[in-house]
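Worksheet for the structure shown next.
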C-alpha cells in the first residue's frame, strides 16, 4: 500500500512539474519593458508605455492586460484589442488600450487628468501582462514600474461640478473638486459661496467684495452636499464658489472661482404654445420690470375658457420649486384679474404697494386649458412718471416721438437719416421723407409711415440710420442670450437689405420683395415672417448713443420704400422725447459729490490756461526731466459751472469707497492748431490731491488718441487715511515731448460699492518643452491698473535661487494680452535664456488703487528631452492653422502644403506655399471639410492637361512603429498620382470631379513606405482638364509611435 501511495505521489509531482514547466514556458514567450517617465512627470501618455518583444520565431496572437494603482488603490484597468505580434520588438502605449476597453475606477482622478493633463501627487504602480488570445494563458510575467510623483510645489485645487456657467437645481446640490496632492492629517477644506449681485460683476469680485451666502469649514473630502439648513439659493440668481485648503500654517491653496445659476423647477400645466401671456406687450420668460404701471393680458379668446379668465400674480421669491396647479388651487394670489386685459398701477389706490422691489413673481393663467400658462418676472421698483428711462423703446418709421403721433405725408422723419449712398448730391446726412401709401402696397404698420429714398439708379445703394440711447448701467432682459430687436419691414421694387449694422458690427442678411409686393420676408431662416428677431452681440453696445443701420439696395430704377415697426427691450433705455443722451443718464442711486456738466476745453499743457477755462480752475504746470506733463486741478465742489469753484473735497474720506467718471478727448492747441494733431497718444492720469499736506494718491490712468470721440474713464477707488483731500487732479503726459491740449467734461464722483481688490492669478504648464510655447494665461487677473512680471531660477518646490531674478512693471494689459503673455521674448530681452533641465519660478503681481501688491507664483520645468517632441498624431488638413486649431482665412498661404511642380505656369519659382481658395462657384465646389479649406495655386494661368504637385512633409524618429496615414479628399479636376517617399500608391483616384461632391479615401500603413529618422514626403498630383482654377481639399491625420511634432526640428532622436 505504501508503495502504491508513493507511486501516486510521484505521478502527481511529475504532472505538476510538467504543467509548471508549460506555464513557465508560456510566460517567457514575450518580454515587456515598461518605460519609466521622466522624474516627477506622469501623464496619460506615460501610462503603459512599453516595448514588446516576441522572443519566439513565430507570430503570436495576444492581448494586453494593464492596471494602475495610486497609493495602493486601483484607479484604472484596461484590456487591449487583439494584437498580431511578429517576432522582434515593437512599441505600445495607452492608445493601444483605448481601442480595447479602459475602465476608470476613480472618476475624480480621471476628471483631474483630463483638466490638467497630469496626475496629482502620489505613489503609483503601473503594470502590464501579455496573454494568449487563443487560450488566455499568460505569455509574459506581470511587469510593473513604480513612479512617485512629488513634483507639486503648489497644491492645485480644480473645481469640477457644477461646471462654470452651469444652470442647476437647488435641490440636492453637490459640489465636487479635485486636489493635485493628498491631504495630510489636520488638513481640511473650506467651501465659500457668494451671490453675484449684477450681470457685470465677475466671479472673483463676488467672492472678494460681497458677503458670503454660506461658508463651511472642516471638510475632509473633495465633495460637499449643500445643506438644507443653509440659506436657500434662489432661482434666477447666479452664485460664485471656491474651495481653500487649510493647514495649521494657514491657507495652503485656493482654487479659482466658478459660477453657476439656479434654475426654477416648475411643474403642472404644460407649455405647447409660445405667444400666450404678456406683460407690457412682451412675452419674455424671465425679465425685470421697473415700471409701476403695467398691463397683464392674454391673446386667448374667451371661448377657450370654461368660464372667465383668471390671471393671477404669486410671490415666488423664496420658492426653489413649485407646482402651478397647487398654487392656483390652494394659495391666495397677490393680485387676481378676471379680464383678458388688466391694467395695474402699484402707486395708486387700485393696488398700493402690492409688488415689492427686489422680489420675484409668477404671472399665471389659472383657468387656461391649453397654451403657455406662466411668466416669471422680477420687480425692481417704479420709474417715476417723469423718468427718462423705459423698459421698452419703440422703433418706428414716420413717427413723431415729441408729439406722440405720426408725421404728415411729405414731411421728413428726423429719426431716420440717409447717411450715405452711391448717388450722393450732398455729403451730409439727409432725413427721409414720409410718403403716401404706394399703389399696391399694404397700409403701414400702426403708428408708422412709409419712407422713401430720394434717388434711384440701376445699382442704387443707401444706408439709413436710427439712433437710440443707453444709460451707463443698462441691462437687457435676462430671457435673451443677447439683446434683442424685434422689428418688421416691407420693401418695394425688388429692394434688398444687404446688411444690418449695430454700431461697428455687421450682420449680413438678404431680404427680397418682388415688385408691388408687401409680402413677408426672410431673415437668416427659411420661415416666412412679418415680424422677426434680430439677435446681436451685446458687447457691441455702449453707454450713450448707439446706432442701427440698414444697408438697402434696389436695382430697377424705381423708388425704394421702407416701413418699419419694432421694439427694444431692456433696463436703462432712454426715452426719445425730451431726454438728452449723455453720460449723465445714469439710473444708479449715486448721490454725486461732484457732478460737473461743464466741458473744460483746451486745457493746454505748459502754456497756461486754455481759452475757455472758468475762473477758479488752476492750470499748474510741472516739468519732469524725462517727459513733459502738466495738470489741471478741479476743486471739489463743482456742481455747476455757474457756482463757486473753491472749497474742499467734502465727503471723500478714508474708509469709504468712491467712483469717479469723466470723459476726455484731444483738444485744440491753445492759440490755434488742428485738434489732436500734436499729441497721439496723450496719457491722462487721475489723482486725489491734498493741498494742506501736498500729497497725492493715484486713482488710475487712460490713453486718449482721438480728437473727435470722447474717451470714457470710470474707476473705483479707496482714499488713503489721514489726508484732507481737496482736489481732483488730471495730469497729462506727452511721451514725445510735444505740447498738446485736452478736453475734459462730465466730471462726477460718487460713493460706490467697495473697491474690488486686484487679483493676481494665472495658469502655466508644469513642464514646458524646448519648442514652447512659453505662455501664461492671466485672464482671471482682473481689476488691475498695473502688472508686474518676474522670472527667476528655483528648485522643484519653488525655493528661489537668489541673484537670478529679472522683473519689470509691464503696465496695463487688455483681455487678449492677459490671456497669452509670452514669457520667451520678454526673458530674452532681459538678456536671459532658459536652460534645459532647470526649474523656473514665474511671478505675477497686480496693483490698483485698492491693492498695492497682490502676487501669485508658479514653477515650471524646462524640458529638452526627446520625448518632449513626440506626438501620437498630426492633423494634415489643407488650410489648417495648427496653432489656433481652426481653418485659415481665404487668400492666405498654407505653409504646410507646398506646390513643388506646376509645369512652370506663370513663372513662379517652386516650391511655393499653396493658397486658400474660395470654393469655385462656377463648378460648383462643395463646402470644405470641417476645419479645412480648399487650396490651390496663386497662378491664374490654367491650361488643359497641366499637372500640379502638392507636397506635405512630416518627421519620424528612429525606431518608429505603427505608422498610418488616413485622409479623405475632394478635387477639381482629378488626382493622377499619390506618392509617399517616391513610393507610388496603387489604386484608382478621382477623375473629372467637377462638382467636388465625390469624396475619395486614402489609407497608407505599409511600414516600408515610410523613412526612418528623418523627413517623409507625401505628394499628390492634381490634373487640370479645363481653363478654370484647380483645387484640392483634404481632411486627415498621420499617426505613429515616434512621430515628431511640427513645431520641433527634424533631427536625430
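Numbering (our numbering), first residue to last: 3 to 1055.
Just so it is clear, CB atoms sit at the ideal spot from N, CA and C, and this is done for glycine as well.
With H, G and I counted as helix, E and B as strand and the rest as coil, what does DSSP make of residue 887?
What you label residue 887 is simply residue 885 of the chain shown in a count that begins at 1. Note: residue 887 maps to coil in three-state DSSP.
Assuming residue 931 contacts residue 819 (C-beta within less than 8 Å), just tell me the rounded distance between them.
Here residue 931 refers to the residue found at position 929 of the chain shown. Here residue 819 refers to the residue found at position 817 of the chain shown. Contact flag wrong, Cβ pair sits at about 33 Å.
Quick check: the Cα distance between residue 51 and residue 93, rounded to an integer number of angstroms?
One-based indexing of the chain shown puts residue 51 at position 49. One-based indexing of the chain shown puts residue 93 at position 91. Cα to Cα, residue 51 sits roughly 8 Å from residue 93.
Can you check DSSP and say which residues form a bridge with residue 838?
Working through the chain shown from its first residue, we reach residue 838 at position 836. According to DSSP, residue 838 bridges with nothing at all.
What are the start and end residues of the alpha helix (DSSP H) that includes residue 210?
Counted from its first residue, the chain shown places residue 210 at position 208. Residues 205-211.
At the level of alpha carbons, what is the spacing between residue 660 and residue 453?
The sequence position of residue 660 within the chain shown is 658, counting from 1. The sequence position of residue 453 within the chain shown is 451, counting from 1. Approximately 48 Å, taken between the alpha carbons.
May I ask you to report which of helix, strand or coil DSSP gives residue 957?
In the chain shown, the residue the question calls residue 957 occupies position 955. If DSSP states are grouped into helix, strand and coil, residue 957 belongs with the strands.
Buried or exposed: which applies to residue 139, given that a residue is buried once 16 or more other Cβ atoms fall within 10 Å of its Cβ?
If you number the chain shown from 1, residue 139 lands on position 137. That one is exposed.
Would you mind reading off the limits of the alpha helix (DSSP H) that contains residue 79?
Translated into positions along the chain shown, residue 79 becomes position 77. Segment 75-81 is the beta strand (DSSP E) holding residue 79; no alpha helix (DSSP H) there.
Please confirm whether residue 33 and residue 142 have their CB atoms less than 8 Å apart.
The residue given as residue 33 occupies position 31 in the chain shown. The residue given as residue 142 occupies position 140 in the chain shown. Result yes, Cβ atoms of residue 33 and residue 142 sit closer than 8 Å.
Using 8 Å as the threshold, is the region 832-848 in touch with the region 796-812, meaning 3 or more CB pairs across them?
With a cut-off of 8 Å, the region 796-812 and the region 832-848 count as touching, because enough Cβ pairs lie within range.
With DSSP collapsed to three states, give me the class of residue 776.
Taking the first residue of the chain shown as position 1, residue 776 is located at position 774. Reduced to three states, the DSSP call for residue 776 is coil.
What is the DSSP secondary structure of residue 833, reduced to helix, strand or coil?
Here residue 833 refers to the residue found at position 831 of the chain shown. If DSSP states are grouped into helix, strand and coil, residue 833 belongs with coil.
When you compare only the Cα positions, how much space is there between residue 246 and residue 196?
As a working note, residue 246 is residue 244 in the chain shown. As a working note, residue 196 is residue 194 in the chain shown. Their backbone Cα atoms lie some 14 Å apart in a straight line.
Is it right to say residue 893 is buried, meaning 16 or more other beta carbons lie within 10 angstroms of its own, or is it exposed?
Along the chain shown, read from residue 1 onward, the residue named residue 893 stands at position 891. By the 10 Å Cβ count, residue 893 comes out exposed.
CB-CB under 6 Å to residue 314, same chain, minus the five flanking residues each way: which ones, in chain order?
Taking the chain shown and counting its residues from 1, one reaches residue 314 at position 312. Around residue 314: 335, 338, 366, 368.
Could you pull out every residue in the same chain whose Cβ sits closer than 6 Å to the Cβ of residue 319, ignoring the five residues on either side in sequence?
Numbered from 1 along the chain shown, position 317 holds the residue referred to as residue 319. Same-chain partners within the cutoff: 361, 362.
Using a beta-carbon distance below 8 Å, is residue 687 in contact with chain C?
Here there is only one protein chain, and chain C is not present.
What would DSSP say about residue 133, mapped onto helix, strand or coil?
Mapped onto the chain shown, residue 133 falls at position 131. Strand.
Give the single residue among 1002, 1047, 1032, 967 whose Cα lies nearest to the Cα of residue 1008.
As a first step, residue 1008 must be located in the chain shown, where it is residue number 1006. Considering only alpha carbons, the answer is 967.
Taking its Cβ as the centre, do 16 or more other Cβ atoms sit within 10 Å of residue 791, making it buried, or is it exposed?
Reading the chain shown from its first residue, position 789 is the one you call residue 791. That one is buried.
Output the distance between the C-alpha atoms of residue 86 and residue 57, rounded to the nearest integer angstrom.
The residue labelled residue 86 in the question sits at position 84 within the chain shown. The residue labelled residue 57 in the question sits at position 55 within the chain shown. Cα to Cα, residue 86 sits roughly 14 Å from residue 57.
Between the Cα of residue 55 and those of 79, 88, 874, spot the shortest distance and give me the residue it belongs to.
Within the chain shown, residue 55 is the residue found at index 53, counting from 1. The shortest C-alpha separation from residue 55 is found at 88.
Which same chain residues end up closer than 6 Å to residue 104 when comparing Cβ atoms and leaving out the 5 residues on each side of it in sequence?
On the chain shown, residue 104 is found 102 positions in, with the first residue counted as 1. Here the set comprises 80.
Which whole-angstrom value is the C-beta distance of residue 927 and residue 1033, which I expect to be below 8 Å?
The residue labelled residue 927 in the question sits at position 925 within the chain shown. The residue labelled residue 1033 in the question sits at position 1031 within the chain shown. Residue 927 to residue 1033, Cβ: 7 Å. Contact.
Give, in chain order, every unbroken run of the alpha helix (DSSP H) that is at least 4 residues long and sits entirely within the region 84-128.
Fully enclosed alpha helix (DSSP H) runs of 4 or longer: 96-100, 109-118.
First and last residue of the alpha helix (DSSP H) that includes residue 818?
On the chain shown, residue 818 is found 816 positions in, with the first residue counted as 1. Counting along the chain, the alpha helix (DSSP H) containing residue 818 begins and ends at 817-821.
Taking DSSP as the reference, what is the three-state secondary structure of residue 878?
Here residue 878 refers to the residue found at position 876 of the chain shown. In this structure, residue 878 counts as coil in the three-state DSSP scheme.
Taking the straight line between their C-alpha atoms, what separation do you get for residue 125 and residue 1049?
For the purposes of this step, residue 125 is identified with residue 123 of the chain shown, where counting begins at 1. For the purposes of this step, residue 1049 is identified with residue 1047 of the chain shown, where counting begins at 1. Approximately 33 Å, taken between the alpha carbons.
Around the C-beta of residue 1035, are 16 or more other C-beta atoms found within 10 angstroms, so that it is buried, or is it exposed?
Within the chain shown, numbered from 1, the residue matching residue 1035 stands at position 1033. Classification of residue 1035: buried, given that the 10 Å Cβ count is 16 or more.
Candidates 823, 260, 874: which alpha carbon is nearest residue 159's?
As a working mapping, residue 159 is identified with position 157 in the chain shown. Answer by Cα proximity: 260.
Examine the ligand SAH and report whether any of its heavy atoms sits within less than 7 Å of the Cβ of residue 327.
Looking at this structure, you won't find the ligand SAH or any other ligand, since it has none at all.
Since residue 327 sits in a beta bridge, which residues does DSSP pair it with?
Walking along the chain shown from the start, residue 327 turns up at place 325. DSSP, once it has assigned bridges, lists no residue as partnering residue 327.
Closer than 8 Å is the cut-off here; do at least three beta carbon pairs connect the region 834-841 with the region 856-869?
The region 834-841 vs the region 856-869: in contact.
Residue range of the beta strand (DSSP E) that residue 197 falls in?
One-based indexing of the chain shown puts residue 197 at position 195. First-last of the beta strand (DSSP E) with residue 197: 190-198.
Helix or strand or just coil, what does DSSP make of residue 868?
Within the chain shown, numbered from 1, the residue matching residue 868 stands at position 866. Three-state result, residue 868: helix.
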